[in-house]
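Heads up: the structure comes next, in structure tokens.
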Amino acid sequence: MKLSIITINYNNRAGLMRTLKSVKEQDALTFEHVIIDGASTDGSVYVIKAYSKERANVILLSEPDTGIYNAMNKGARLASGEYCLFLNSGDELYSDNVVSQFLSLDITSEIVQGYLARINEDTRVSTLKRIGEKERIS
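According to my numbering, numbering within the sequence shown proceeds without interruption in unit steps and concludes at 460.
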């Protein structure tokens, strides 16, 4: 397995649904999706279970945690991919071919960086930045 997408969630059902839709729409299926839920009480677990019934590549863990980094570490421990992409609830992949583009690259680096785009309500890119750089407004 080359890629593990790790999604963490706690009581963010609406954001989680956007994230799962984004991952589900990917044109590549050769990745695993590790979903860590912090024992949500808003119906998130029901949404994740329904999503996982449609896909064979989902690993789900729902239990209390001690915060975002504890959840991220749980996801990293469960992931079997060579690379991990943290795509938290509420986040979306930029297009439906992000994963296939990544998988087609001949990557030999230990760390790969990407870009972050903030899309405002009228669907225009308001910020595009390289991860780790100061924001540039376009």
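Even for Gly, the Cβ is constructed at its ideal location relative to N, Cα and C. Just so we're clear, the structure is a prediction, and the values are computed from it rather than from any experiment.
- Task: Grab me the residues of GLU376's own chain with a C-beta within less than 8 angstroms of its C-beta, minus the 5 sequence neighbours each way, in chain order.
- Result: If you number the sequence shown from 1, residue 376 lands on position 54. These residues qualify, in order along the chain: LYS346.
- Output yes or no for whether 9 angstroms exceeds the beta carbon distance between SER411 and ILE330. Position 89 of the sequence shown, counting from 1, holds the residue named residue 411. Position 8 of the sequence shown, counting from 1, holds the residue named residue 330. Cβ atoms of SER411 and ILE330: closer than 9 angstroms.
- Message: With distance defined between alpha-carbon atoms, name the residue in GLY365, SER431, LEU342 and VAL356 nearest to GLY403.
- Response: Start at 1 with the first residue of the sequence shown, and residue 403 comes out as number 81. It is VAL356 whose Cα lies nearest to the Cα of GLY403.
- Message: At the level of alpha carbons, what is the spacing between PHE408 and ALA378?
- Response: Translated into positions along the sequence shown, residue 408 becomes position 86. Translated into positions along the sequence shown, residue 378 becomes position 56. Looking at the two C-alpha atoms, the distance is approximately 19 angstroms.
- Query: Which whole-angstrom value is the C-beta distance of GLU414 and ARG335, which I expect to be below 8 angstroms?
  - Reply: On the sequence shown, position 92 is the one that residue 414 refers to. On the sequence shown, position 13 is the one that residue 335 refers to. Their Cβ separation, rounded to whole angstroms, is 15 angstroms, which puts GLU414 and ARG335 out of contact at 8 angstroms.
- Query: Between the C-alpha atoms of ALA439 and GLU385, what's the straight-line distance to the nearest angstrom?
  - Reply: Here the question's residue 439 lines up with position 117 in the sequence shown. Here the question's residue 385 lines up with position 63 in the sequence shown. One C-alpha to the other measures close to 31 angstroms.
- Task: Work out the CA separation of SER344 and SER417 for me, nearest whole Å.
- Result: The residue labelled residue 417 in the question sits at position 95 within the sequence shown. The residue labelled residue 344 in the question sits at position 22 within the sequence shown. Here the alpha carbons of SER344 and SER417 stand approximately 8 angstroms from one another.
- For THR285 versus LEU325, is the C-beta distance shorter than 9 angstroms? Residue numbering for the chain in the displayed model covers 323 to 460; residue 285 lies beyond these limits and cannot be assessed.
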